[in-house]
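For the sequence shown, UniProt numbering begins at 1 and goes up steadily by one.
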Amino acid sequence: MSVDAITGPTDQSHGDTYQLHWIDKAGRCHAFSKGWRFLMADLQLAQEPFFDDSDWQQIALPHDFSINQPYTINGEAQSAYKLGGVGWYRKYFALDPKLADHKVYVTFDGAYMETQVYLNGHLIGEHVNGYQAFSYDLSAFVIPGQENLLAVRVEHQVPSSRWYSGSGLYREAFLTVLPKVHLDKDRLRLSLSQAALEADSQALEIELGLSQQVPLSDYQLSLSLFEQLADTQQRQTVYESKPVALDLLEESGRLVMTIPLRHIKLWSPAQPQLYQLDMLLYHKGAVLDRLTLETGFRQLHFDAECGFFLNGKAFKLQGVCLHHDQGSLGACAYEEAIARQLVLLKEMGANTVRVTHNPSARRLKDLANRLGLFLIEEAFDTWTYAKNGNSHDFSSHFHKTVGHQNAARLKGVTTAETTWAQYSIQAMVLSCLHDPSVLMWSIGNELLEGFSADVSHYPYVAKELCQWITELDQSRPITLGDNKLKDKHFHWAQETKALAEQVNQLQSVQGVIGLNYAKARDYDRLHRDNPTWLLYGSETASAINSRGVYHLKGGASQDHELTSYDQSTVDWGALASEAWYDTITRDFVAGECVWTGFDYLGEPTPWNKIDSGAADQWPSPKQSYFGILDTAGFAKDSYYFYQSQWSKDKTTLHILPSWQEKDLQLDDQGMVEVVVYSNAASVRILFDDGHGGQIDYGIKALTSHETPAGHCYQLYEGDDAAESPHQNLYLTWKLPYRSGSLRAIAYDDKGQVITQTSGRSCVSSYQQPAQLFWSCFEPPKLLAEPALIYLELSLLDAHQTLVANANLLINIEVEGPGMCLALDNGDPRDHQPYSSLSRQAYGGRLLAIIALDGRAGQLRITARAAGFVEASYQLTVSEAAVKEKLLAYQLDKYSFIINKTKRQLKAAPRPISQGSDDFAPAADYYVSCQSHCLSDRPVMMFSYATVFTEPLTFQPLTQRLIKGRDIFLPNWLQPKTAAGQLFTKAFPIDWQLTEAVFSEESRVSGQTLCFGEALELEAILKSDTKGLRINQELSLVAKKKRLFQSDTQLSYRYQYDTVQAIGAISLTGLKKPLSSLRLVLDYRSSTNAPSKQLILSLDQIEQPCHYIMLEEVVDVLSLDLTLEQPIRQAFDLARLQLGLWSMVEEA
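In structure tokens, the structure reads:
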């Protein structure tokens, strides 16, 4: 049977239309992200070609199946109150028969988390690292000339993360098709002598390898090196060679080509010079393979006294930490979203991103190379033990071996005994070995935080990880992020020091010690005690701020909002200005990475919680407050503080607060604290009442300072300078509030007015909102054809002034070749789904992310709010270039036949392939297959007819739930045939829930339409009776201080760096029974949270070791624990040893 391809636009909702990805030429990086089908359901047999996916959702990658799930108290604050689950992905592709003798690999840049990959029903392998790119060899099961089904099952079990991870295939996918003999990119090494970098002429050594052993004399290699010209697609030739026989390149078993170069331009964030290396492999004169590589050259050196040097010059790392999520897009790693983040950070003056706490997306590395930002690639957030009770995090796999299945087909694995730790860290190194942006390899973050267990083996683990890195790369330093070295009394201080020494004593590369939340005294002590250590602030500040909130000061909070002044931070952190001052005034501190560049989903400190349930009144905040920019990419005021300190090519002039009396906090004299962030020589403040009256509040000058290494900063040193030096990095006035405008004027060191400035140089009293105004983010030129458009909507008054307290509901409509992908306002409290077409503005602003669908035409985005004239943004878009060759065709792919009546029932069409090793047909249930040829391609497709015996039935579903938690039932289920075999199709279920929250055991009815007939099913809801048991002693990792002691009372304070969940208290050391004892717990879960009290009265304590189980787990950042005994009891309380314990569910 012949099937015609559809050449014009197709209706993707039509069940009989399918997409086939056609590959007709070899290539290393075929985009493989379109034409997928997805269903969130825990299915069996969905890997089989004959499983019906005709009614699945049609999607493109990247895709995150958690982001559009509802917020729920069943989840954890630290992971944004979102859940995981199981998702199935399926895609069809075909190879031209001429590629029959080629190797075929599929690469997923990231899949969270446990991922099983199937081809044509066969299990290829299972990957368990949710952040690492991975590739599988499909060659053994791919069949050229016909449809092949790639099926992927992704499971995300929660809890698994200390932040929002997302779920599914959240990064891009690629297909690689190469001849069996090809250049092996993983074996390519480039070496340019560091000592010769400043010379006019250098020699570049290129070591290469082939995919298999061959007679070298039959193969030749030619090579070209091009200099890429800045801000253009053009390039100029630097070196070009004719084909050279490989046997002439052999040196001691290595294939090496050395080429002479002159005047190599070095890469730096200020001038990110890149080169393109083209290598052609020939077999007997015919081109066999081509390898193209983008790279750059730079010189890196750390010094224990003077910090970091780039290309021979002192260079301060001005960095941020960055989680991988994209706010309203969830974990989806869209190139345009990443580019916008990096551009905004670059404009702020940042030159470094610490990728926390996992390997980054390929798109991020490419963009960092081209835009000019250093990356610190981090492998792990934990090693042996789960953090914060996240029992499903990567620690459960860290020491396990990859196994025989993966050893056979997982690229980069040579033996089944390879551990996931070794595979993961070496895969990270190989994935970005040639990226000039990658500055350091980090082996982990806060490795002794979030648990309490034996870590005596950790120094050995560190040694192994460093060895695995240096086996592959000796051109970069190795580092780690540590938050315990600053605490001399930490329980595992010896192991912590040993970890640092393992890194410090590396021989083949430099080792850099990253300090998290070190203060000035910590830097100075550690430098004094360890003069050879290379230090940098791997995680600094942790200031917590809302955007545009000025009626709060200091650490005060109200309605889940925090001040926008640089006055609010966490217990363990520092203010933005404080952390930077401690860094810039110490040359031996190589730089800092601020926590964080952007707000991220999850960890909404000070309303964080590491176990399930609402951290505060529901709806509780679901995203962090740490960011310099919020999740929508709108700058907080601290953005301009950093720009004033970091940017060398902009004059920053930013004034805060806004100027509306009801938005401000006035002191007793009616004065307002006015702050100006600027790197100008001096700044004047003028007030204008709008009626011709003007007040000059004077000029303040900044004094320049330079460190011995040549790093510069400015301080205000006037008579009214602040006592804390860091507060003099910016300028402060105390001014009376008057309705009108405040304007800041910047001057250079010659007293001339600077007219071109960055930031908000004028604030004015505003009126009611009167208009909506669109602006469009301008993507960098290197994005030739953006698929996402970022539009920013502002609510203005009649004088074009932003109404900073306007929170109106905005409705969005999109017409033309695009759709609204998400709306975001940056408000941590907003639980409206991001995919909704309506959302409130926050701080007078709203972000709309528009996805183009590839068609040409007029795109119109309209914003409407009640009582306003609508505002539209229009643009003409061109047809997108075809990056993936998807053939659309129509075919009745799946049919179902009831064997009693023999009548055929359509279930709508979909994919193909051969058969299954696992599916065993029954007498009343079998599948037949028919082949079809595409009329204009040498490719065969398949359709399937499933014959079964009625009735189809659903087994009763039993769900165990916790009282007070939300009820979630599966949206899709598989029935069984009369013989009890699972059916090869899932059906959507309509549950008749009468209440959303579980209160008591009950039964819920459900219904589905199965081939035109209604089927009933039932869910039985039962109470979860699974108990808790004592897990880890968390008192060991606390800072412990005795507060007071008497004959009848004893009180201790336990302080943690991060929130801990305490479920039990132990008393040990009793020499004789106690008739009674009273325990008083005063605890806080955050700096700003009010103290809570819990009183426990105990009778007849007779055991030498006594455990007290709390009625419910409490989240603790600091805890004062007081023991009280009656006077008549003669017992020395000081003998008692107290323990605080975490809990874990019984198996």
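Glycine included, C-beta positions come from ideal geometry on N, C-alpha and C. Treat the numbers as computed from the prediction; the structure is a model and nothing was measured.
Check                                                                                                             : Outcome
For Leu1094: DSSP bridge partner residues                                                                         : Leu1081
Bounding residues of the beta strand (DSSP E) (the contiguous stretch that carries His1106)                       : Cys1105 to Glu1124
For Asn516, the first and last residue of its enclosing beta strand (DSSP E)                                      : Gly511 to Asn516
Meets three-Cβ-pair contact criterion under 8 Å: the stretch 574 to 594 and the stretch 705 to 712                : yes
Per DSSP, cross-strand counterpart(s) of Ala140                                                                   : The partner list for Ala140 (beta bridge, DSSP) is empty, contrary to what the question assumes.
Ile628 beta carbon less than 8 Å from that of Tyr642                                                              : yes
Best match in Asp1120, Asp853 and Glu815 for proximity to Pro786 [C-alpha to C-alpha]                             : Asp853
CA nearest to the CA of Thr1025, picked from Leu178, Gln858 and Lys963                                            : Lys963
Glu281 and His182 closer than 8 Å at C-beta                                                                       : It should be noted that the sequence gives Leu, not Glu, for residue 281. Against a cut-off of 8 Å, the Cβ pair of His182 and Leu281 comes out as a contact.
Spatial neighbours of Trp659 in its chain, beta-carbon cut-off 6 Å, leaving aside the 5 residues before and after : Leu742, Val763, Ser764 and Ser765
Under the three-state DSSP convention, the category residue 1151 falls into                                       : What the structure shows of the chain is the stretch from 1 to 1147, and residue 1151 is not part of that stretch, so it cannot be assessed.
Range covered by the alpha helix (DSSP H) that runs through Ile338                                                : Glu335 to Met348
Sub-8 Å separation of Leu261 and Leu223 beta-carbons                                                              : no
Rounded straight-line distance, which links the Cα of Gln202 to that of Asp473                                    : 21 Å
Own chain residues within Cβ distance below 6 Å of Val104, not counting five before or after                      : Leu138, Ser139, Val142 and Val177
Opening and closing residue of the beta strand (DSSP E) in which His397 lies                                      : Run containing His397: none in the beta strand (DSSP E); it sits in the alpha helix (DSSP H), Ser395 to Phe398.
Nearest-angstrom Cα separation, counted from Gln858 out to Ser1142                                                : 58 Å
Arg476, enclosing beta strand (DSSP E) - first and last residue                                                   : Where Arg476 is concerned, there is no enclosing beta strand (DSSP E), given that its DSSP letter is neither H nor E.
Reduced DSSP category for Val877 - H, G, I as helix; E, B as strand; rest coil                                    : strand
Buried/exposed call for Phe174, threshold 16 Cβ in 10 Å                                                           : buried
Own chain partners of Lys1022 with C-beta closer than 8 Å, once the 5 adjacent residues on each side are dropped  : Thr958, Gln959, Arg960, Leu961 and Glu1001
Whole-angstrom distance between Ser895 and Ser250, CA atom to CA atom                                             : The question names Ser, yet the displayed sequence has Glu at residue 250. So the two alpha carbons sit approximately 60 Å from each other.
Counted within 10 angstroms of its Cβ, other Cβ atoms place Ile849 as buried (16 or more) or exposed              : buried
Span separating the alpha-carbon of Gly349 from that of Leu821                                                    : 30 Å
Cβ-Cβ separation, Arg363 to Ile338 (assumed contact under 8 Å), whole Å                                           : 5 Å
Cross-strand partners of Cys929 (DSSP beta bridge)                                                                : Tyr944
Cβ-based neighbour list, Asp278, same chain, cut-off 6 Å, excluding 5 preceding and 5 following                   : Ser224 and Thr292
Three-state class that DSSP yields for Ile912 in the structure shown                                              : A caution first: Ile912 carries a pLDDT of 36, below 50, which makes its placement in the model too unreliable to give a value.
Residues sharing a beta bridge with Glu250, DSSP                                                                  : Leu255
C-beta contact flag for Phe50 and Val939 at 8 Å                                                                   : no
C-beta contact flag for Gln840 and Asn807 at 8 Å                                                                  : yes
Check whether Asn358 and Asp381 have beta carbons under 8 Å apart                                                 : yes
Alpha carbon of Met671 to alpha carbon of Val683, nearest angstrom                                                : 20 Å
Cβ contact (3+ pairs, closer than 8 Å) linking the stretch 116 to 131 and the stretch 399 to 406                  : yes
Status (buried if at least 16 other CB within 10 Å, exposed otherwise) for Asp827                                 : buried
Thr17 versus Cys929 - alpha carbon distance                                                                       : 19 Å
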